[in-house]
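Every letter in the sequence shown is one number past the one before it in full-length UniProt numbering, and letter 345, counting from 1, is 345.
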Amino acid sequence: MLEYLSMRIGLITHNYPASKDDRQNAGIFVYDIAHAIQKLGHQVFVLCLDAGGKSEKDVVPVTWFSPIGGKKKLGQIQFFNPLDWVLFFSLLVLGFRATSRFCKDYKIDFCIAMWAFPAGVFALWANIVKMVPYTIWALGSDIYIYARYPILGTLIEIALKKAKFIIADGIDLARQTGKLAKRHCQFLPSASQMPHQSKLTVKKEGPLKLMFLGRMEPVKGLDVLIEAISKVKDLDFELHCLGDGSLLPSLKEKISDLGLQKKVVFYGNVNDPKLIYNRLLLSDWLVIPSRSDSIPLVFSESMKANLPVIVAEVGDMVELVKKYGVGFSFPREDSRKLAVILKDVIKKGRVLIRPYQQKTKKAAEIFDVNVSAESLLTMIQNGQTKSLDITPI
């Protein structure tokens, strides 16, 4: 383990779980990286936008703040709606105030902004008024969505340029973030704290088991997967779906209309990481049919569970699948091409899986939250990123 000068680190985010058992979205990684940094001998304090949750007591203290009308989540803000502009400006004003108080109360030495908006803008404010250095860990929505808005895009660009260094959780995302900021941006993968290996001995038998793990929202593409399996429903397989979201009722209705009730199982939200991991171990293929994604957490979790993948050709997943040879890819939203792949893997059965399983271990090595924490702290202490060889491509 590397040794560092102990620091008081402020982690600013808009997505942090209300408890350690709340493991439903990107807040999982923020929670895990905060605790990984804490274990390396630093004091970590979190400032988070409160969308209604209250945190349990934890070794990492959390300060919550709410804008006017603050029950609406950040991703639900519609910038063509005048009322949402009121929410946007209240978010900035109250966020600036909360950030100043946060840095003062906890005597913050360095801020980690997760992600560029709104956290990066708040970290920029802390740098201006409190002289606190910061880094920004960019997310896909920062660069591909928020940076396209006129005022917001300018704020994000300034925040990226003023940061001590910048990082991104995707390979192409790092390239695009670097172009926007006109400076080097380092790829640093996000990953959750899941075991790389399990003592559970699994004997896979019966129908081939496909798995979907994620939010049931349009961007995650479960409807594309369901359309694909309807084309191969006469074959021997099961689809196990973990997650919840606005599409769940309509997806269940579609399953019924297509006569797939005996093929598809919905589990709802599963927060226990051990149960999720065991479900991954019991599966044969993980399918990630996203319409838009960089490197979703579920990709790294599947690698740790020795589970090959079938992914949509979006973001960095297809690049990783090709480099490490851990599965197949299909064109975005193309249920017909996905059905062709599913037909092939189902007919060939578990014999086909073994060569892919042997390659997942190498891919899993780059998705270790503890390695990411050590790399991040090295960057903070060195003040630059170019000497770190952590880019897998």
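Ideal Cβ placement from N, Cα and C applies to all residues, glycine included.
Where residue i falls, given that 16 or more other Cβ within 10 Å makes a residue buried
i, result
"F299", "buried"
"S246", "exposed"
"R183", "exposed"
"D344", "exposed"
"S329", "buried"
"T385", "Unreliable positioning characterises T385 in this predicted model, as indicated by a pLDDT of 49, which lies under 50. A coordinate reading is not provided."
"V351", "exposed"
"R279", "buried"
"E301", "buried"
"I136", "buried"
"M131", "exposed"
"S6", "exposed"
"I28", "buried"
"L286", "buried"
"D284", "buried"
"K220", "buried"
"F89", "exposed"
"residue 400", "In the structure as shown, the chain begins at 1 and stops at 393. Residue 400 is therefore absent and cannot be evaluated."
"G120", "buried"
"L239", "buried"
Backbone CA spacing between residue i and residue j [nearest angstrom]
i, j, result
"L225", "L338", "8 Å"
"R8", "V264", "48 Å"
"S294", "N271", "23 Å"
"K204", "C241", "18 Å"
"D257", "F237", "19 Å"
"H35", "V60", "7 Å"
"G315", "G170", "8 Å"
"L213", "A113", "27 Å"
"residue 411", "P273", "Residue coverage of the chain in this structure runs from 1 to 393, which leaves residue 411 outside it and unanswerable."
"I346", "P289", "17 Å"
"A181", "A163", "10 Å"
"G349", "P150", "51 Å"
"K361", "I128", "44 Å"
"T99", "F266", "41 Å"
"S19", "V340", "41 Å"
"K359", "V371", "20 Å"
"G268", "L210", "16 Å"
"L47", "F367", "25 Å"
"R148", "L235", "45 Å"
"L297", "G206", "28 Å"
"A364", "E319", "15 Å"
"L87", "F165", "30 Å"
"P67", "I108", "23 Å"
"V62", "G243", "26 Å"
"G178", "K161", "10 Å"
"P218", "G259", "22 Å"
"M303", "Q38", "25 Å"
"K323", "E253", "38 Å"
"residue 404", "G325", "Any question about residue 404 goes unanswered here, given that the chain covers just 1 to 393."
"P133", "D58", "26 Å"
"S387", "I12", "Confidence in S387 is poor, its pLDDT being 37 and thus under 50, which makes the residue's placement too unreliable to answer from."
"L83", "L275", "41 Å"
"N382", "K104", "25 Å"
Sequence-distant residues of its chain with Cβ nearer than 7 Å to residue i (five each side left out)
i, result
"I255", "I226, Q261, V264"
"Q357", "N306, P308"
"L251", "M216, L222, D223, I226"
"G327", "P308, V309, I310, V311, V321, Y356"
"L342", "A228, I229, V232"
"Y106", "R8, G10, F45"
"Y16", "G27, V30, Y31, V46, C48, V62"
"D172", "G315, D316"
8 Å Cβ shell around residue i - same chain, five flanking residues per side excluded
i, result
"P118", "H14, L49, L74, L91, L92, G95"
"S198", "Because the pLDDT of S198 is 48, which lies under 50, any placement of that residue in the model is unreliable, and the number read from its coordinates should be weighed accordingly. Y277, N278, L281, A305, listed in sequence order."
"E313", "S329, F330, P331, R332"
"H42", "Y4, S6, M7, R8, I9, L377"
"S292", "G140, Y144, V219, V314, G315"
Rounded Cβ spacing between residue i and residue j (contact assumed at less than 8 Å)
i, j, result
"A174", "A168", "4 Å"
"I353", "F110", "With 8 Å as the limit, I353 and F110 do not qualify as a contact, their Cβ atoms being about 44 Å apart."
"I143", "Q176", "5 Å"
Contacting residues, own chain, Cβ-Cβ under 6 Å from residue i (five flanking each side not counted)
i, result
"D32", "S192, Q193, V369"
"L139", "W115"
"T208", "As written in the sequence, residue 208 is Leu, which differs from the Thr given in the question. So the list reads F237, D284, I346, once near-sequence residues are dropped."
"C185", "I166, A168, A174, T177, G178"
Residue i: CB within 7 Å of a non-hydrogen atom of the ligand COA
i, result
"W285", "The ligand COA is absent from the structure shown, which contains no ligand whatsoever."
Cutoff 8 Å: residue i Cβ touching any chain B Cβ
i, result
"S300", "The chain inventory of the structure shown lacks chain B, comprising one protein chain alone."
Pair every Cβ in the stretch 333-353 with every Cβ in the stretch 171-190, then say whether three or more of these pairs are closer than 8 Å.
-> Put simply, the stretch 333-353 does not touch the stretch 171-190. Fewer than three CB pairs are less than 8 Å apart.
Count the CB pairs spanning the stretch 117-132 and the stretch 149-159 that are closer than 8 Å, and state whether there are at least three.
-> By the criterion of at least three beta-carbon pairs nearer than 8 Å, the stretch 117-132 is in contact with the stretch 149-159.
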